[in-house]
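Following our numbering, the numbering of the sequence shown begins with 50 at its first residue and continues without gaps.
Read the structure below first, then the notes.
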Amino acid sequence: MTIVHIVLFKFRPEVTDDLKATFVRELKQLRDLPCVLNKRLVVGGPSVTDPIERSKGYHFALVSYHRDRAALDEYQASSEHHRVTSTYLWPFKEDVTRFDFEVASEDEQVCLGRL
């Protein structure tokens, strides 16, 4: 069973572009954690949604894949994850939305990059 972890990030207006860039760079390093399935973690932004209002003001999104719920829990509890979020996110965030789901067995191959 694969778990997909999606997070949307919105920063307060006064947050600098430099801090946002550092946050993204640090987030991307989390793909090296062993609990991230095949290093499948991507961070993107800004939104290219048209019309942009549908993005609800979010600046970045993260999508990562984990082999099961225990691996996602390990990711969330890791010291690396805690360092990135406590240093670059929580003091500066306006909003964060998280959505995790278990992939249906017939879709597992998509998550593993095998179609």
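We treat Cβ as the ideally placed atom computed from N, Cα and C, and that holds for glycine.
Computed from a predicted structure; not experimentally measured.
Around the beta-carbon of Thr98, fewer than 16 other beta-carbon atoms lie within 10 Å, marking it exposed. Between Val56 and Val133, the C-beta spacing is not below 9 Å.
Annotation for Leu79: no alpha helix (DSSP H) segment contains it, and DSSP assigns it neither H nor E. When only Cα atoms are considered, Phe72 and Phe150 end up about 24 Å apart. Under the three-state reduction of DSSP output, Lys105 falls in the coil class, being neither helix nor strand. Secondary structure of Phe141 (DSSP, three-state): coil.
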